[in-house]
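Here the protein sequences line up with chains A and B, keeping their order. When we follow this note's numbering, the leftmost residue of the first sequence carries the number 427, and every step to the right adds one. When we follow this note's numbering, the leftmost residue of the second sequence carries the number 54, and every step to the right adds one.
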Amino acid sequence: MDFVNAIILLLNYIFVPALAYGSQLALGAIFVTLIYGILRFANFATGDMMSFGTMVTILFTWYFQSLGISLGFLPTALLAIPFAIIFMASYMLLIDKFVFKYYRVNKSPPVQLAMVSIGVMFVTQAVVRIIIGPSDRRFFDGEKFLIKAGEFKEMTGLNEGLAIKSTQVITIIVTMILVSVLFWFLNKTRTGKSMRAYSDNEDLALLSGIDPKKIVMITWIIAGILATIGGALYGLDKSFKPFTYFNNMLPIFAAAIVGGIGNPFGAFLGGYVIAFSEILLTYAYKKFFMYVLPESMEPEGLVQLLSTDYKFAVSFSILVIVLLYRPSGIFKGKIL
Amino acid sequence: MAFFEGNNMTGGYGKGPDIINSCSVNVERGEIVSILGPNGAGKSTAMKAMLGLLNLKSGSVIIDGKNISHLSPQDRVKEGISFVPQNKNVFAGMTVKENLEMGAFLVDNDFKIIIEEIYNLFPVLKEKKDQLVGELSGGQRQQVALGRALMIKPSVLMLDEPTAGVSPIVMDELFDHIVKVKKTNVAILMVEQNAKQALNISDRGYVLVTGENRYSGTGKELLNDPRVRSSFLGG
């Protein structure tokens, strides 16, 4: 029985949260990797673009709530996301037209585009703070738990409860659908294949008659979708605070690089690698050992490898190790 | 008037010095024409000028009587001119079949029939159609590159050193394939380092020196010309 309790403990505190957090990172990492593969620069505005998308989602959610529209046990934000995506895709195209396009047409080196994206990051960040402010906001409504810890205990008669939040399930389901559709698009449709061709060998793609303007436009639209959904899911699951989104850029970049930058499937798995490493290394295992070890060997400390304050150090270390020993990433992307 | 011709082309890259000077090259359908010459003679440049990858200061490029000197490379592709670059001439991260599909990007109607034709021309590609091109051997890659270029059913095929870096056996095989392509009534223009072998399968050849036409003639004539032999073919 103690063994089952230990497993439930790990499921509750590590597996389920890491799966949800990993999905949120994966969406951001695919965003980074697509922009890097097709537009050929590291987009430092990723985190703040996600925060912008979330902000728009929140504004639409408030608007719907004021009209009295709700989705019952589901969060109203799910209804707001499609509208936010339309808004966000236009925002991306607008930024591209007025900022990035100039540097692309002049064939600026990637590092210059990366610097430009830092400028976009500051502007986006400022716009978000002016519109919605820097404070912490929760915009979740509807049923909070799918399974409550107490109910689970009653049901199974175990000491440990397994709580599954509805936002975790929504995150995982939405991510799976979105990522499947995206991979289907990239691998099976003509437009998707032409995007991969453009990323693979730009000159040859041009010689084959692939239109670069169309490729760039579709890339930004997909980026807008990923930023809005990824950001909104993170905000629903935790809370929305612009500064947190800016901070999340580190694990997101780490995920994209671990997976091999430019490789969307690698970025997807990279998100989970980073999320599981962060949570596995910062979890306090004391209770787990109390279940599995005999009483005499009970640990005295918390058995926590790193304090949760250091969770960014985990992604940073993974980033450094990967760049030192396998710069093309686990799944062979381009070398940074 | 030949089917595809570059007349008195003069120009270089960007604002740099002229690399080709009043250079003329032409090719008929169903003919293989080689451009030969020492390193730095402007062979590839002459070919790229005909594709529109550099701006000409003077001269003209004409296909089937139509002046295309001011068209961009992409628009020239639409006129039926296909180009196989020397390096990076395949999509290495995509499968053989996807490479061919991308070659047919401008073809609106069903390209499955064309793919079958390419498979008949290069049987090995059918065998490996779902394999990533980056995992194929050098000779097979060149066949993918040729296949991709043939997907638009071009009237002119330009090859920049198609046999660079492959073994002699593979080179012979590739030349056989090029002759097969020629028989489908395509005009083939190629730049080659392996001059003897290239002239063997060529109907005509041009020898360029410092960006100007030096000698020209049929493949046999050039092979037997003592001046060409001593300076470019190694005696």
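From the three backbone atoms N, C-alpha and C, an ideal C-beta is built for every residue, glycine too.
Local Cβ density within 10 Å of residue i, reported as buried at 16 or more and exposed below that
{"i": "Leu199 of chain B", "result": "buried"}
{"i": "Phe524 of chain A", "result": "exposed"}
{"i": "Gly264 of chain B", "result": "buried"}
{"i": "Arg616 of chain A", "result": "exposed"}
{"i": "Thr459 of chain A", "result": "buried"}
{"i": "Met54 of chain B", "result": "exposed"}
{"i": "Asn142 of chain B", "result": "buried"}
{"i": "Met602 of chain A", "result": "exposed"}
{"i": "Lys131 of chain B", "result": "exposed"}
{"i": "Val260 of chain B", "result": "buried"}
{"i": "Arg201 of chain B", "result": "buried"}
{"i": "Asp663 of chain A", "result": "buried"}
{"i": "Tyr66 of chain B", "result": "exposed"}
{"i": "Pro690 of chain A", "result": "buried"}
{"i": "Ser722 of chain A", "result": "exposed"}
{"i": "Tyr751 of chain A", "result": "exposed"}
{"i": "Val607 of chain A", "result": "exposed"}
{"i": "Lys570 of chain A", "result": "exposed"}
{"i": "Asp128 of chain B", "result": "exposed"}
{"i": "Phe513 of chain A", "result": "buried"}
Proximity of residue i and residue j at Cβ, strictly below 8 Å
{"i": "Gln551 of chain A", "j": "Pro668 of chain A", "result": "yes"}
{"i": "Ile88 of chain B", "j": "Met100 of chain B", "result": "yes"}
{"i": "Ile644 of chain A", "j": "Ala623 of chain A", "result": "no"}
{"i": "Ala240 of chain B", "j": "Glu81 of chain B", "result": "yes"}
{"i": "Gly650 of chain A", "j": "Ala515 of chain A", "result": "yes"}
{"i": "Asn613 of chain A", "j": "Asn431 of chain A", "result": "no"}
{"i": "Lys182 of chain B", "j": "Val149 of chain B", "result": "yes"}
{"i": "Ser75 of chain B", "j": "Asn92 of chain B", "result": "no"}
{"i": "Ile205 of chain B", "j": "Phe228 of chain B", "result": "no"}
{"i": "Arg257 of chain B", "j": "Gly270 of chain B", "result": "yes"}
{"i": "Gly685 of chain A", "j": "Phe757 of chain A", "result": "yes"}
{"i": "Ser703 of chain A", "j": "Ile744 of chain A", "result": "yes"}
{"i": "Thr483 of chain A", "j": "Ala452 of chain A", "result": "no"}
{"i": "Ala693 of chain A", "j": "Gly448 of chain A", "result": "no"}
{"i": "Leu588 of chain A", "j": "Ile705 of chain A", "result": "no"}
{"i": "Tyr709 of chain A", "j": "Gln730 of chain A", "result": "yes"}
{"i": "Val177 of chain B", "j": "Ile167 of chain B", "result": "no"}
{"i": "Phe470 of chain A", "j": "Ile556 of chain A", "result": "no"}
{"i": "Ile294 of chain B", "j": "Gly95 of chain B", "result": "Chain B is shown only over 54 to 288; residue 294 of chain B falls outside these bounds and no answer can be derived."}
{"i": "Glu214 of chain B", "j": "Gln139 of chain B", "result": "yes"}
{"i": "Gly479 of chain A", "j": "Ala658 of chain A", "result": "yes"}
Residue i, DSSP secondary structure in three states
{"i": "Gly272 of chain B", "result": "helix"}
{"i": "Met243 of chain B", "result": "strand"}
{"i": "Gln764 of chain A", "result": "Outside the displayed span of chain A (427 to 762) sits residue 764 of chain A, for which this structure offers no information."}
{"i": "Asp183 of chain B", "result": "coil"}
{"i": "Ala55 of chain B", "result": "coil"}
{"i": "Asp289 of chain B", "result": "Because chain B here runs from 54 to 288, residue 289 of chain B falls outside it and cannot be looked at."}
{"i": "Gly146 of chain B", "result": "coil"}
{"i": "Met204 of chain B", "result": "coil"}
{"i": "Asn140 of chain B", "result": "coil"}
{"i": "Asn108 of chain B", "result": "coil"}
{"i": "Arg564 of chain A", "result": "coil"}
{"i": "Gly199 of chain B", "result": "In the sequence as presented, Gly is not what sits at residue 199 of chain B; that position holds Leu. Helix at Leu199 of chain B."}
{"i": "Thr63 of chain B", "result": "strand"}
{"i": "Glu577 of chain A", "result": "helix"}
{"i": "Gly258 of chain B", "result": "strand"}
{"i": "Ser743 of chain A", "result": "helix"}
{"i": "Lys236 of chain B", "result": "coil"}
{"i": "Lys96 of chain B", "result": "helix"}
{"i": "Ser664 of chain A", "result": "Per the sequence shown, residue 664 of chain A should be read as Lys rather than Ser. Reduced to three states, the DSSP call for Lys664 of chain A is coil."}
{"i": "Phe164 of chain B", "result": "coil"}
{"i": "Ala468 of chain A", "result": "coil"}
{"i": "Arg555 of chain A", "result": "helix"}
Chain B within 8 Å of residue i, Cβ atoms only
{"i": "Ser754 of chain A", "result": "no"}
{"i": "Ala623 of chain A", "result": "yes"}
{"i": "Lys619 of chain A", "result": "yes"}
{"i": "Asp567 of chain A", "result": "no"}
{"i": "Asp626 of chain A", "result": "yes"}
Closer than 7 Å: residue i CB and nearest the ligand PLP heavy atom
{"i": "Lys181 of chain B", "result": "Inclusion of the ligand PLP in the displayed structure is not the case, the ligand content being empty and no account of it being possible."}
At a CB distance below 9 Å, what residues from the stretch 628-641 of chain A approach chain B? Give them in sequence order.
Asp629, Leu630, Ala631, Leu632, Leu633, Ser634, Gly635, Ile636, Asp637
Mind checking the stretch 228-258 of chain B against chain A and listing, in chain order, the residues whose C-beta falls within less than 9 Å of any C-beta there?
none
Using a beta-carbon distance cut-off of less than 7 Å, what residues from the stretch 139-159 of chain B approach chain A?
Lys141, Asn142, Phe144, Ala145, Gly146, Met147, Glu151, Glu154, Met155, Gly156, Phe158, Leu159
Taking a cut of 9 Å between CB atoms, which residues from the stretch 106-136 of chain B lie near chain A?
Pro126, Gln127, Val130, Lys131, Ser135, Phe136
Can you list, in chain order, the residues of the stretch 727-746 of chain A whose Cβ is nearer than 9 Å to any Cβ on chain B?
none
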